[in-house]
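K.L.:
Just so you know, we're using the numbering used here here: the sequence shown kicks off at 10 and counts up by one. Got a structure for you, questions after.
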Amino acid sequence: MFALLPCRSGLFRTSAVFSRSTSTRFFSTPSQSRLEIGKDRKDVRQRSGVTNELWNARTNVQMKPLTDEDFSKEYKVYEKTMKDSYVDVYLPFSTSAALQEEYLTYTGTVRVGKILEDLDALAGTIAYHHCDDNDPDTPPLTIVTASVDRITLLQPMHTDTDPIVGTTNLKPSIQRDYRMHGSVTSVGRSSMRIDVTVDTPHISGEPISACSANGYDKILEATFEMVARDPRTNKAAPINQLIAENDVEQEKMRVVQFERQQQMKRRKEKRENLPPTAEERIVLHDLYVNTNAFTKLPTDRKAMWMDETEKQSLRMCHPIERNIHNSIFGGYLMREAFELAWMTADIIAEEHPIFLSVDDISFKYPVEIGSILQLSSVVTYTGGDKSRAMQVAVDAEIINPNTGETKLTNSFNFTFATPSKTVTVLPRTYAEGMRYLEGRRLYQNASNHCKENCPDLMKYYER
Numbered sequence: 010m011f012a013l014l015p016c017r018s019g020l021f022r023t024s025a026v027f028s029r030s031t032s033t034r035f036f037s038t039p040s041q042s043r044l045e046i047g048k049d050r051k052d053v054r055q056r057s058g059v060t061n062e063l064w065n066a067r068t069n070v071q072m073k074p075l076t077d078e079d080f081s082k083e084y085k086v087y088e089k090t091m092k093d094s095y096v097d098v099y100l101p102f103s104t105s106a107a108l109q110e111e112y113l114t115y116t117g118t119v120r121v122g123k124i125l126e127d128l129d130a131l132a133g134t135i136a137y138h139h140c141d142d143n144d145p146d147t148p149p150l151t152i153v154t155a156s157v158d159r160i161t162l163l164q165p166m167h168t169d170t171d172p173i174v175g176t177t178n179l180k181p182s183i184q185r186d187y188r189m190h191g192s193v194t195s196v197g198r199s200s201m202r203i204d205v206t207v208d209t210p211h212i213s214g215e216p217i218s219a220c221s222a223n224g225y226d227k228i229l230e231a232t233f234e235m236v237a238r239d240p241r242t243n244k245a246a247p248i249n250q251l252i253a254e255n256d257v258e259q260e261k262m263r264v265v266q267f268e269r270q271q272q273m274k275r276r277k278e279k280r281e282n283l284p285p286t287a288e289e290r291i292v293l294h295d296l297y298v299n300t301n302a303f304t305k306l307p308t309d310r311k312a313m314w315m316d317e318t319e320k321q322s323l324r325m326c327h328p329i330e331r332n333i334h335n336s337i338f339g340g341y342l343m344r345e346a347f348e349l350a351w352m353t354a355d356i357i358a359e360e361h362p363i364f365l366s367v368d369d370i371s372f373k374y375p376v377e378i379g380s381i382l383q384l385s386s387v388v389t390y391t392g393g394d395k396s397r398a399m400q401v402a403v404d405a406e407i408i409n410p411n412t413g414e415t416k417l418t419n420s421f422n423f424t425f426a427t428p429s430k431t432v433t434v435l436p437r438t439y440a441e442g443m444r445y446l447e448g449r450r451l452y453q454n455a456s457n458h459c460k461e462n463c464p465d466l467m468k469y470y471e472r
């Protein structure tokens with residue numbers, strides 16, 4: 010199991026202490042051949058050890074029925090610092106066979122989907138630390154994930170040789186240790202931005218990159234937007250404000266606030282909100298001409314229609330997947346969406362894709378227990394013969410089994426790259442053309458972000 014240990018500074022760290030489960034008891038004699046399962050088991054959640062312990066670390070959150078007295082209590086709003094909400098978790102893959110088994114893929118690498126699930130749990134725990142008013146008599150606020158603005162891979166995660174460029178590849182190594190840590194970096198009245206980083210201890214003799222600092226190599230960065238609601242009214246609730254302790258934090262808060270404004274602007278540029286620009290209309294017209302009115306694929310390279318990339322999966326939402334607020338855990342949805350997107354890219358590319366980034370995951374509505382969850386994926390954009398990167402979109406919908414009606418609850422956008430091959434995906438209807446343009450915008454945004462923050466990985470966007 011994991012144990013999150015509180016330090017005097019208010020931080021939380023993780024020590025890896027794995028032990029055999031006592032939930033299964035075996036008897037060897039004929040008269041005692043019964044197999045007792047679950048008799049001593051207290052926690053049956055199908056979460057990772059990290060996520061379970063992060064939830065358990067939310068000691069200020071005790072979900073219980075509200076009383077009349079609860080409705081008369083007022084929330085107190087304080088000023089807090091980034092340090093007050095800081096949490097870090099250490100994953101000792103190199104020395105823990107049990108941890109390796111939990112996160113291992115069939116290719117011998119780390120399951121990125123489970124890391125994404127843990128990142129969502131970590132962001133939630135950070136948010137609860139920030140929103141805590143230190144009053145045990147006040148009902149805890151309800152914290153929900155509003156969106157994941159961006160998750161970006163910053164540099165290679167191990168030393169396998171890339172077949173094209175002859176440098177390190179991007180598949181996470183199960184033999185390296187990783188650390189996840191973060192804090193609140195900006196707040197509004199009821200919303201907060203949380204920055205999370207995944208890094209690995211720097212190994213002596215390896216090159217020191219721009220992402221190396223304080224003995225660690227930064228591997229991945231993620232930004233979450235969380236929202237606080239009053240559990241008594243389900244309306245937005247005021248949260249503790251954030252103050253800077255030094256000039257560095259003051260500048261960080263200024264930059265983050267600007268980034269939040271830019272992200273809100275980009276959300277307005279989605280296909281349903283913004284018509285094609287003059288440049289994009291030319292792009293669609295060129296596609297129309299080059300495909301003989303969307304009837305003929307190019308023959309000089311591997312190409313397929315967008316609707317030929319579509320994949321779907323169905324899930325029944327059981328109680329074991331719930332969060333502490335009794336709806337489906339957002340990290341679970343993220344993991345399921347990532348793995349469907351990865352398999353979609355794998356089938357299309359005919360080789361295992363490399364995860365590069367997540368851009369703008371929106372959580373529109375909660376997914377309730379008992380819902381039928383439908384995940385639909387499609388490749389929306391590829392760089393053709395000029396790039397190995399591709400955009401994969403996943404929509405999560407809940408289906409009413411009585412009426413057949415569907416409701417969009419979540420949208421996910423992933424960027425992958427192929428190790429060696431290129432593929433061209435093209436639209437053949439106006440609706441697909443709009444998805445193509447949205448994918449192109451996301452692709453360009455991912456490429457620009459990569460050029461600014463992790464230029465060593467531009468080889469996947471540019472041939």
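Built from N, CA and C at the ideal position, the CB exists for glycine as well. All values reported here derive from a predicted model rather than from experimental measurement.
For the putative contact between V121 and R188, defined by C-beta atoms under 8 Å, what is the C-beta separation to the nearest angstrom?
P.N.:
No, V121 and R188 are not in contact; Cβ-Cβ is about 16 Å, not under 8 Å.
K.L.:
Can you say whether A107 is buried or exposed, counting buried as having 16 or more other CB atoms within 10 angstroms of its CB?
P.N.:
Flag for A107 reads exposed.
K.L.:
When you compare each of T209, Y390, A231 to S221 by their alpha carbons, which one comes out closest?
P.N.:
Among T209, Y390, A231, the Cα nearest to that of S221 belongs to T209.
K.L.:
Pick out the complete beta strand (DSSP E) segments inside the region 95-143, 3 residues or longer, and give them in chain order.
P.N.:
As far as the region 95-143 is concerned, its whole beta strand (DSSP E) runs of at least 3 residues are 96-100.
K.L.:
Excluding the five sequence neighbours on either side, which residues of its own chain have a C-beta within less than 6 Å of the C-beta of Q321, listed in chain order?
P.N.:
Taken in chain order, the residues that qualify are S385.
K.L.:
Report the three-state DSSP secondary structure of S380 (helix, strand or coil).
P.N.:
Reduced to three states, the DSSP call for S380 is coil.
K.L.:
When burial is assigned at 16 or more other CB atoms within 10 Å of the CB, is A302 buried or exposed?
P.N.:
The residue in question, A302, is exposed, as its Cβ has fewer than 16 Cβ neighbours within 10 Å.
K.L.:
Just to confirm, is the Cβ distance from T194 to M262 under 8 Å?
P.N.:
The answer is yes: Cβ separation under 8 Å.
K.L.:
Count Cβ pairs between the region 389-406 and the region 447-458 that sit closer than 8 Å; are there 3 or more?
P.N.:
Segments in contact, yes.
K.L.:
Based on Cα-Cα distance, which residue from C463, E471, Y470 lies nearest to D226?
P.N.:
It is C463.
K.L.:
Which two residues bound the contiguous beta strand (DSSP E) that contains I407?
P.N.:
Start and end: 398-408.
K.L.:
Excluding the 5 residues flanking S396 on each side, which residues of the same chain have their C-beta closer than 6 Å to its C-beta?
P.N.:
Excluding sequence neighbours, S396 sits near Y470.
K.L.:
Determine the burial state of H190: buried for a count of at least 16 other Cβ atoms within 10 Å of its Cβ, exposed for fewer.
P.N.:
Label assigned to H190: buried.
K.L.:
What three-state label does DSSP hand H294 in the structure shown?
P.N.:
H294 falls in the helix class under three-state DSSP.
K.L.:
With H, G and I counted as helix, E and B as strand and the rest as coil, what does DSSP make of R202?
P.N.:
Residue state, collapsed to three classes: strand.
K.L.:
Taking DSSP as the reference, what is the three-state secondary structure of R338?
P.N.:
Per the sequence shown, residue 338 should be read as Phe rather than Arg. Three-state result, F338: coil.
K.L.:
Quick one: residues in its chain with C-beta nearer than 8 Å to the C-beta of L446, no 5 flanking neighbours on either side, listed in chain order?
P.N.:
These residues qualify, in order along the chain: R280, P285, E289, V292, L293.
K.L.:
Just to confirm the assignment, what range does the alpha helix (DSSP H) spanning H458 have?
P.N.:
Residues 439-462.
K.L.:
Smallest Cα separation from P240: which of L150, A231, V265, S218?
P.N.:
Among L150, A231, V265, S218, the Cα nearest to that of P240 belongs to L150.
K.L.:
Below 8 Å between beta carbons: does that hold for I135 and V96?
P.N.:
Yes; because the gap between Cβ atoms is below 8 Å, this pair is in contact.
K.L.:
So, with DSSP's three-state summary, where would you put G58?
P.N.:
In this structure, G58 counts as helix in the three-state DSSP scheme.
K.L.:
How many Å lie between L251 and T116 at the Cα?
P.N.:
Those two C-alpha atoms are separated by around 43 Å.
K.L.:
So, with DSSP's three-state summary, where would you put Y225?
P.N.:
In this structure, Y225 counts as strand in the three-state DSSP scheme.
K.L.:
Under the DSSP definition of a beta bridge, which residues are partnered with T154?
P.N.:
Note: T154 sits in a beta bridge opposite M235.
K.L.:
Using only alpha-carbon positions, find the residue among I217, D158, L306 that is nearest to Q266.
P.N.:
Of the candidates I217, D158, L306, the one whose C-alpha sits nearest the C-alpha of Q266 is D158.
K.L.:
Please identify the residue among A253, M352, G413 whose C-alpha is closest to the C-alpha of T424.
P.N.:
The shortest Cα separation from T424 among A253, M352, G413 belongs to M352.
K.L.:
Give me the Cα-Cα distance between P428 and M343, rounded to the nearest whole angstrom.
P.N.:
One C-alpha to the other measures close to 24 Å.
K.L.:
Would you please state the rounded distance, in angstroms, between the beta carbons of Q473 and S218? I believe it to be under 8 Å.
P.N.:
A query on residue 473 cannot be resolved here, the shown segment of the chain reaching from 10 to 472 and no further.
K.L.:
Can you tell me whether P410 is buried or exposed, with buried defined as 16 or more other CB within 10 angstroms of its CB?
P.N.:
Label assigned to P410: exposed.
K.L.:
When the Cα atoms are used, what is the spatial distance from V153 to V434?
P.N.:
Looking at the two C-alpha atoms, the distance is approximately 35 Å.
K.L.:
Could you spell out where the beta strand (DSSP E) holding Q321 opens and where it closes?
P.N.:
Q321 -> beta strand (DSSP E) spans 320-325.
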